[in-house]
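Heads up: the structure comes next, in structure tokens.
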């Protein structure tokens, strides 16, 4: 491996070596529940790009080492846990207890012994869906787009569904893809079919989270596919530079909801001052997320309570909350893995998040 001339070739050889080792491990009876992979510092130094502070390992086709490693694990049906040398030597800024806690939670979930935690008050018979897009890259570096849905059930179960690839060419909005009516309809049909296969019936309520606005054709497709559902809430959730302040020395309390007079826009503080720990565990001034309801059958307070709850459901992090709900933050992470060239070579992409984290 070290005889290769370029960093990218060295990384590729290292990944092939891991592939062979995973194959050997997979053939054992029984195979392990999870495989922990620690990169030796010498190999990391040989493969990483010195222009970046954090290790960035790329293959010759610019695929990402970490993402490809996740796909190799999926190929052999074994979740993987990658650990850097600095983590084992506790050279980061995190306390040892936090490092151990993060690792323990990740391994618990990846070994498929259950969910580290789940939300207690999600509405029954409700299907929550985060929709995002990613660039699908092939070997000649031509880019197409594909949609994906991160689906959460009130039971704590979750699964990932990949939509069909499509061309996106829009000079005005090149980085904000939208589905055609047919594409939107097919994606939601997949979601509802998967929900029914898991629960035995269709949901009574469907909640969609998107980070972009709903275009007319796209909305029509979502509505057509879900016309048998009794209650629907289609939401756009975005970041915003707008900030609010309250009297005193502390920032706005997490969970604060501020709505415009016409009720078209809602600002929800998913970060902020947390009374139970008597501090704001962040830097600078907290800012809210912006919520717009395209289709709304539920009360806005109920909708925002659910969004706030979903900021605490990322099993890849033990911090008390994240800014974005997992319906969107997790789907972005998964999209990075699905965008790799190698993802096309896996016939049946596994729907479980523990293969991607």
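Residue numbers (the working numbering): 0 to 356.
Backbone N, C-alpha and C define an ideal beta-carbon position, used for all residues, glycine too.
Predicted, not measured: the structure shown is a model, and the values here were computed from it.
Beta-carbon proximity check, residue i vs residue j, cutoff 8 Å
i: residue 330; j: residue 147; result: yes
i: residue 32; j: residue 6; result: no
i: residue 164; j: residue 145; result: yes
i: residue 160; j: residue 190; result: yes
i: residue 104; j: residue 317; result: yes
i: residue 268; j: residue 249; result: no
i: residue 237; j: residue 196; result: no
i: residue 80; j: residue 107; result: no
i: residue 265; j: residue 299; result: yes
i: residue 257; j: residue 243; result: yes
i: residue 34; j: residue 21; result: yes
i: residue 355; j: residue 336; result: yes
i: residue 184; j: residue 212; result: no
i: residue 39; j: residue 314; result: no
i: residue 293; j: residue 218; result: yes
i: residue 282; j: residue 118; result: no
i: residue 121; j: residue 305; result: yes
i: residue 270; j: residue 245; result: no
Proximity test, residue i beta-carbon vs the ligand NAP heavy atom, cut-off 7 Å
i: residue 152; result: Although the ligand NAP was asked about, the structure shown includes no ligands whatsoever.
Cβ separation of residue i and residue j, assumed to be a contact under 8 Å, to the nearest whole Å
i: residue 285; j: residue 325; result: Rounded, the Cβ-Cβ distance is 19 Å, inconsistent with contact.
i: residue 291; j: residue 255; result: Not a contact, Cβ separation roughly 18 Å.
i: residue 84; j: residue 109; result: At roughly 21 Å, the Cβ-Cβ gap does not stay under 8 Å, so residue 84 and residue 109 are not in contact.
i: residue 56; j: residue 10; result: 5 Å
i: residue 42; j: residue 17; result: That pair is no contact at about 11 Å.
i: residue 288; j: residue 261; result: With a Cβ gap of about 19 Å, residue 288 and residue 261 do not count as contacting.
i: residue 327; j: residue 129; result: 5 Å
i: residue 126; j: residue 194; result: 5 Å
Contacting residues, own chain, Cβ-Cβ under 8 Å from residue i (five flanking each side not counted)
i: residue 334; result: 131, 132, 133 and 147
i: residue 138; result: Bear in mind that the predicted position of residue 138 carries a pLDDT of just 48, short of 50, making it too unreliable to give a figure here.
i: residue 58; result: 7, 10, 11, 14, 64 and 67
i: residue 230; result: 203, 204, 205, 296 and 297
i: residue 232; result: 204, 205, 206, 207, 292, 294, 295, 296, 297 and 302
i: residue 97; result: 317
i: residue 30; result: 24, 75, 76 and 77
i: residue 4; result: none
i: residue 201; result: 191, 194, 195, 227 and 228
i: residue 155; result: 114, 117 and 118
i: residue 91; result: 85 and 98
Opening and closing residue of the beta strand (DSSP E) in which residue i lies
i: residue 294; result: 288 to 295
i: residue 182; result: Element bounds for residue 182: not the beta strand (DSSP E) but the alpha helix (DSSP H), 180 to 198.
i: residue 164; result: 157 to 165
i: residue 58; result: No beta strand (DSSP E) holds residue 58; DSSP gives it neither H nor E.
i: residue 110; result: Premise fails: residue 110 is in no beta strand (DSSP E) and is neither H nor E.
i: residue 37; result: 34 to 37
i: residue 206; result: 204 to 209
Neighbourhood of residue i by C-beta, 7 Å cutoff - its chain only, sequence neighbours within 5 removed
i: residue 216; result: 179 and 180
i: residue 140; result: Only weak support exists for where residue 140 lies, its pLDDT of 48 falling under 50; the value from the coordinates is given anyway. There are no such residues.
i: residue 349; result: 73
i: residue 50; result: none
i: residue 221; result: 183, 187, 207 and 233
i: residue 70; result: 336, 339, 341, 342 and 345
i: residue 158; result: 150, 193, 350 and 351
i: residue 93; result: none
Cutoff 8 Å: residue i Cβ touching any chain D Cβ
i: residue 234; result: No chain D appears in the structure shown, which is made up of a single protein chain.
Residue range of the alpha helix (DSSP H) that includes residue i
i: residue 19; result: 6 to 25
i: residue 40; result: 40 to 46
Proximal residues to residue i (C-beta, below 6 Å), its chain only, five neighbours per side dropped
i: residue 228; result: 205
i: residue 62; result: 339 and 340
i: residue 320; result: 310 and 311
i: residue 351; result: none
i: residue 177; result: 214 and 217
i: residue 124; result: 202 and 203
Ranges of the beta strand (DSSP E) found wholly within the segment 70 to 98, counting only runs of at least 3 | 79 to 82
Which residue spans inside the segment 308 to 356 form an unbroken alpha helix (DSSP H) run of at least 4?
-> Whole alpha helix (DSSP H) segments, 4+ residues: 325 to 337.
In chain order, which beta strand (DSSP E) runs of at least 3 residues are fully inside the segment 222 to 276?
-> As far as the segment 222 to 276 is concerned, its whole beta strand (DSSP E) runs of at least 3 residues are 230 to 238, 256 to 258 and 265 to 267.
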